[in-house]
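Below you'll find the structure, written out as C-alpha cells, and then a few comments.
Protein chains: 2
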Amino acid sequence: MAIKQNNVDVLVVGAGPAGLMCAFGLARAGVNVRIVDQRPQKVAAGQADGIQPRTIEVFQSYGIADRLLKEGNHMHMATFYGPNADGGIELIERVPDVTAPTARYPFEVTLHQGAIEAIFLDNMMELGVQVDRPTIPISLKLFEDETALEDPESYPVQVVLQHLDSGEGQLNETEIVNAKYVVGADGAHSWVRKTLGIAMEGEQTNYVWGVIDMVPDTDFPDVRSKSAIHSNNGSCMIIPREGDKIRVYIQLGTDSVGASNGRLDKSRIQIGPEQLLEVARKSFHPYTFKNPKQFDWWTIYIIGQRVASKFSVKDRVFIAGDACHTHSPKAGQGMNASMNDSYNLVWKLTHVLRGWVRRSLLETYGFERHLYASQLINFDKNFAKLFSGKPRSEINMDGVSHEEFLMAFQTFGGFTSGTSVHYEESAIVNKRHQALAKNLTVGERVPPDLLIRAADWRPYNIQDLLPSDTKFKVLVFTGDVSDTTQLTTVQNLEDSLQQADSFLTKAPSKAMFDFISICSTSKRKIVYNVVPPLFRSHWSKVFVDDVDLTGTRGGRLYSSYGVGLSGAVVVVRPDGYVGTITPLEDASDLNNYFSRFMI
Amino acid sequence: MAIKQNNVDVLVVGAGPAGLMCAFGLARAGVNVRIVDQRPQKVAAGQADGIQPRTIEVFQSYGIADRLLKEGNHMHMATFYGPNADGGIELIERVPDVTAPTARYPFEVTLHQGAIEAIFLDNMMELGVQVDRPTIPISLKLFEDETALEDPESYPVQVVLQHLDSGEGQLNETEIVNAKYVVGADGAHSWVRKTLGIAMEGEQTNYVWGVIDMVPDTDFPDVRSKSAIHSNNGSCMIIPREGDKIRVYIQLGTDSVGASNGRLDKSRIQIGPEQLLEVARKSFHPYTFKNPKQFDWWTIYIIGQRVASKFSVKDRVFIAGDACHTHSPKAGQGMNASMNDSYNLVWKLTHVLRGWVRRSLLETYGFERHLYASQLINFDKNFAKLFSGKPRSEINMDGVSHEEFLMAFQTFGGFTSGTSVHYEESAIVNKRHQALAKNLTVGERVPPDLLIRAADWRPYNIQDLLPSDTKFKVLVFTGDVSDTTQLTTVQNLEDSLQQADSFLTKAPSKAMFDFISICSTSKRKIVYNVVPPLFRSHWSKVFVDDVDLTGTRGGRLYSSYGVGLSGAVVVVRPDGYVGTITPLEDASDLNNYFSRFMI
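In C-alpha cells:
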C-alpha cells in the first residue's frame, strides 16, 4: 500500500498552549495549517494555569477573551505571610497581585490548561481545523538546497507522521507531510528540537517542589489570593483556581525525594499528595487544612532554567514554547511565554505565505523571542532563589526578608505581567522618531487608553482598534482638523501616500493596512468627514481624544502617549507592538519603514 | 376526533418583546409556560428598535446583555439642528443622548426588533421552550367561581387555540388549553384585551409621521447620532441603527395623508418611501441625501396616547405591553415599557406558582405598571407636542425653542432611561426606614456601584450581585466587622433571624433569599470569615466598600447610598427594586416586611 503524501503550508507539532495558539492564529488568518499531537485527548486537569495580563490582551485581540474571563478565576490580590513569635505564621501584608500600571486587565486569570486549550480547540473547530491525535512525527527532513529554501512555492520540510490507534479500532497509519513551514511546539522534551540538534543552554537547580490541586477545607482566610507563605518550617504558595479549587506549591527538602545534580531520582520518590499536604500543614500552622475529598492533580518537580540555543533552522522549522525555554512555574510565566512565542510567529508566517513580505522577516522571530526568553530565565533565577530561600530572622540573618521578596515581586511586575516586554531595533522595529510620542515605546505593545469615536461618541479602548487581523494599523494622529493649517498637513500626507513611490502604492496588497485617524479636535466640534478619505475608509475610522460621557475617562491620549498637537503617524505591527513612529509632515520615513521588509 | 386538551401553568399570547420577555423569564425560573403567536415568523425588519439604559440592565441581570451590546448600535450622542439664516438648517448643539447620572449603560442600544426577539428565542430554545406559531386564540373563558380562582391548584382559564397552516403542509388543528394564568401580550389591537372587555382610555392626536429605514448616502455629518431636525420646512429625527443603517422619522401634514379625528384614512395614503425621503430632504437642506439602494422598511403612523383601564381580570388573566399602552415611538419607550411590564410580572407569577407568596401579591402588577403607563403617556404628550411643533422664530414666536426642547429632553432623562422609574408604597414596597439609606430610594432599582469582594479583591458591580434569579437579596450592610461592638450587632441579628418567629424560619423555602454582606472594613484588614455564617453562605458572599486596584473606582458605596457606619439591611426585590430598608439592630421590621405577602 502506497504511503499517503500530503502538502500543507504549516505543520504544527504539539497541541499544548504554544501549538494551539499557533494553529488557531494561522487558521484565523486563513492559512492552510495542520496540527498534530501525541496525546489521545486534551489535558483534563493540572499543568499550567496562569494567564498574565498581556496574554489576556492577546486573547481580547482575537475576540476570545470573554470566555477566558468568564470561566477563569481572577487573581487580584497577593498576600504575604511570615514567621510569628509563636512558631507559626501571621499576615505581613496584602498587595495587588499585578504591578503593571498600563495593564488593561490588572489581574491574572487562573484556569486549568484543558479549559484554556478548549477555547482554542472550539474556535479552531469553527474554522475547520482539528488536532490529529494521537499522532507522532517519526522523521523530519529539511531540504538543504538554498534555492528551494528561498522559493515561496516549495515545500522543503518533509515530516513522516504515524497516526496511532486511538482506542477506537483505527489502525496505525503512516503519512508523509510536505510542509512549507514546521513549528515544533512539542514541549520541554521536544522531539523537533532534538531532531534538529538544537541544544538547551543553562542549568538545573536542586530546588524541589511538590504541587497539589484541591478544594480546601480550611480556616486560613487568604485562600482566594496568591498567598506566599515563608515559615521557618518551609515555604508554600497558594494559587486560587476556578470555582473553589486552589493549587498549593510546597517546598521539599532535596534529600526527601532524592534530587541531585538537577535530576529527580524518581525511584526514590515515595510520597503522594497526602504527604505533600502534611508538609504544607507545617508551614501553615496555626491555620489548619483538613483532608480534602480528593486531590484533583499533583506532581513533584525540580526547577530547571534553560533556553534553546536557537529558535529556528533556516527559518523553515521553528520551535516555540517549552521546546525553547524551561523555568520554574511559580511566577506563572510558562504558558504565557509559550503562547506569546507563537503569537509573535503567526503574523510573520502569514505575511510571508501571502507574499506580502520577504522571508527575512522570519529572522525577527528568533531575535525577539530568544532575547525575551533569556530575560525570563534571568528573572526566574532571581525569583526562584528568593522564593525557595529561608525567611530572614534573628537566627538566620542570611535569609530572605519580606521587603526583598516584595521588591522583587513588584519590580518585575511589568515583566511578569507581559505589559513591558520590549523588542529591540530590527527590520520591523525602528526607534528613530521615538521622541514624537515619547511614552508610546517603539518595540512595546500599545498600552490601553480611551478614545471617542467622532461620528457617534461611542467610547473605545484603543486596543480594540488593533485586533489580531494580520493588518498593520497606521494610526494617524492628525492634531486638530478644525484648524485649516493642520488639516492641510494631513491632506498633504494623503497626497504623498498616493504618489507612485509611496509604500501604499507599492504594497503588494492594500489589505495589509488599516488607517485610523485620531484627532485632537473636541467631540462637540469635529465634523468627521473633513478628514481626508484615505484616513477614513468608513465613518467608524475617525476618533477624537476627548472625555467620555461619564466625564471621568478619556481625553488624555495625546498627553499620555506624549504626542504633540502637530501630530504623528504611529505604525502598529499586526501583533499590537509599535513598529515605528514618523512625522506627519513627511511620508519618507514611513516609506522607508515598510521598504525594509515589504515585497 | 376529540379535541386535544392540555394544562399549562402560564399561557402567553403574543411573541413580541412583552410576550417573549414574559415567556423567557418564566422559563428561566423553571415555570411550566407556553407561548403562542399568530405570525408565522419572527419580525424580520422595522418596528420598535430602541433599548433604554434600564432595559439593558435587565438584560444584564439575565446574563443576556452581551449579545445585545454586541449586535446593537450604541447611541451616545444627540444632536440638534435648527433653522439658519439661509433657509436651511445648522447645528445648534450636541449633547449626551442619555441624561441619567446613575445609568450603568449611559446610552441607548438600537437594534431591529427581530434581532432582539432572536435573543429571547435562542435563550428559550436552550430551556426547551419554543413559540407555537402561527397560532391564534379563538376563545377565552375565565371561571367565575371564587374558590377555584383562589385555589392554587386550579386551572381557571380555558383558552381555545387554533393552530394554523404554517405553509409546511400542517393541517389546522384546534386545542383546548387549561391555564392557571394567561398573559395577553398581543399588541395594540390585543385580542385578549378586547375579549376581556378592557377599555383603552385616552386620545388620539392628528400628528402624522412617516418612517423609513435605509443605509444613507449623505453629506450630513451627524447621521450616527440621534439627530433632531427642526426646520421651517418640517421636523425630522434620525435614529442610527446597527451597521450603517439609520431610521428617519418624518413629520407629515395631516392633510397630505388624510388624518382626521385621530384616524388615518388609509385609502387616501398614496405615498411611499421615496416620497417620504423627498419630504425629509426639504428639512435637511442644505445637506443632501441620495436615493438609497433600497428601503429596508417604511411606515406611516398617527400618534395615539392611551392606557388600558386595568391590567388584569381577577389576577388570572393579565395584559402587558402594547396591549396596555400606546404612544408615540419617538422617545423610544415602547419596547422598553412592554418588556418591563413582563419583567415586573414574571417574578410575582413565579413566587405565587411556587407557593411562596399569597396571590394578593399579583395585585401589585397592575398597581405598579398602570401608574407607570400613565406617567409615560403624560410624558409622551409633552414630548410629542414639542417635537411636532414648528421651531420658534421671529415670525413664529409661538413655536418651540431649542431651549424648551432640550430642557424637556434632559428633564425627562431619568424617566426615559428607565433608571428612575418609581413604584409606590404597597405590600412589597415599604418606605418606613428610608432615612437609613437616604440615596437608595425604596421603590426604585438599585443603582450600579462598585464593591470589592473581601476574599479575593475582585471588583464587582453591585448589580451583578442582583441577578434575575427570583430570589430576594438581603443586603446586610454590616458596618466595620473588625470593630467588636459592631460585629456583636451583626451577630445578634443573625441570632434573631434564627428564632422561631423570624421570617427566615417561617419562610416556605430558604431558596427565596440570598444573603450578601457588605462591610465598611478596609480590604487590607478584613478577615472575611468573621462575618456570621448566615450572612456568608460561601466565601464569595462577603464584600467590602473599598477602592479597586486602579484606585479610581469604588470605596463610595456607603456614602453614595447614604448608609451610615452603624449599617442597615436592604431588601432588594427579585426584579432589582429596593423593597425595604430596616435597621441592623432589630429584625422586627424585616419580619414585618415579609409577613405582608409571604405564605
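Protein sequences, first through last, are from chains A and B. Take the first sequence: its position 313, counting from 1, is numbered 300 in the working numbering, and each next residue is one higher. Take the second sequence: its position 299, counting from 1, is numbered 286 in the working numbering, and each next residue is one higher. Glycine included, every Cβ here is placed at the ideal spot set by N, Cα and C. Given the structure is predicted, the values throughout are model-derived calculations rather than measurements.
query, result
"Three-pair Cβ contact test at 8 Å for the region 193 to 202 of chain A versus the region 269 to 288 of chain A", "yes"
"Per DSSP, the bridge partner or partners of B:Gly541", "B:Val534"
"Contact with chain A by B:Thr537, beta-carbon distance below 8 Å", "yes"
"Inter-residue spacing [alpha-carbon to alpha-carbon] between A:Glu58 and A:Gln450", "22 Å"
"Proximity of B:His312 and B:Leu358 at Cβ, strictly below 8 Å", "no"
"For B:Arg419, three-class secondary structure by DSSP", "coil"
"B:Trp343 (DSSP reduced to helix, strand or coil)", "coil"
"Delimiting residues of the beta strand (DSSP E) encompassing A:Pro124", "Thr122 to Leu129"
"Where B:Pro93 falls, given that 16 or more other Cβ within 10 Å makes a residue buried", "buried"
"Local Cβ density within 10 Å of A:Arg26, reported as buried at 16 or more and exposed below that", "exposed"
"Close beta carbons around A:Gly400, own chain, < 8 Å, minus the five adjacent residues each side", "Val85, Thr86 and Ala87"
"DSSP bridge partner residues for A:Asp200 (one or two, in chain order)", "A:Arg234 and A:Trp284"
"7 Å CB neighbourhood of B:Ile51 in its chain, flanking five on each side removed", "Ile106 and Asn110"
"Which of helix, strand or coil DSSP assigns to A:Phe374", "helix"
"C-beta neighbour in chain B for A:Asn516, strict 8 Å", "yes"
"Buried versus exposed call for B:Arg543 [16 or more other C-beta atoms within 10 Å across all chains shown]", "exposed"
"Segment contact flag, the region 169 to 182 of chain B with the region 345 to 357 of chain B, C-beta cutoff 8 Å, min 3 pairs", "no"
"At least three beta-carbon pairs within less than 8 Å, the region 259 to 277 of chain A to the region 181 to 192 of chain A", "no"
"Neighbour list for B:Asp206 in chain A, Cβ cutoff strictly below 9 Å", "Asn516"
"Host alpha helix (DSSP H) of A:Gln47 (start-end)", "Pro40 to Ser48"
"Given 8 Å, three or more beta-carbon pairs between the region 556 to 573 of chain A and the region 461 to 481 of chain A", "yes"
"Per-residue DSSP class, three states only, for B:Arg432", "strand"
"Near-chain A residues of the region 76 to 102 of chain B - C-beta to any C-beta below 7 Å", "Arg81, Pro83 and Pro93"
"Helix, strand or coil at B:Ser407 according to DSSP, with G and I counted as helix", "coil"
"Three-state secondary structure (DSSP) of A:Ser134", "Reading the sequence as shown, one finds Thr at residue 134 of chain A and not Ser. Helix at A:Thr134."
"A:His272 at chain B interface by Cβ criterion, 8 Å", "no"
"Closest residue to B:Arg341 among B:Met585, B:Ala360, B:Asn(-7) and B:Gly6 (Cα-Cα distance)", "B:Met585"
"8 Å Cβ cutoff met for B:Val116 and B:Val23", "no"
"DSSP state of B:Phe634 mapped onto helix, strand, coil", "Outside the shown range of chain B (-12 to 586) lies residue 634 of chain B, about which nothing can therefore be said."
"DSSP state of A:Asp328 mapped onto helix, strand, coil", "helix"
"At least 3 beta-carbon pairs within less than 8 Å: the region 325 to 335 of chain A vs the region 35 to 47 of chain A", "yes"
"Buried/exposed call for B:Thr472, threshold 16 Cβ in 10 Å", "exposed"
"From B:Lys493, B:Ser315 and B:Asp(-4), residue whose alpha carbon lies closest to that of B:Gln191", "B:Ser315"
"Nearest candidate by alpha-carbon position, reference B:Ser507, set B:Pro495, B:Asn479, B:Leu521 and B:Leu552", "B:Leu552"
"When B:Val195, B:Asn365, B:Asn417 and B:Tyr410 are compared against B:Ala395, the one with the closest alpha-carbon", "B:Asn365"
"Interface partners of A:Arg511 on chain B, CB under 7 Å", "Arg81"
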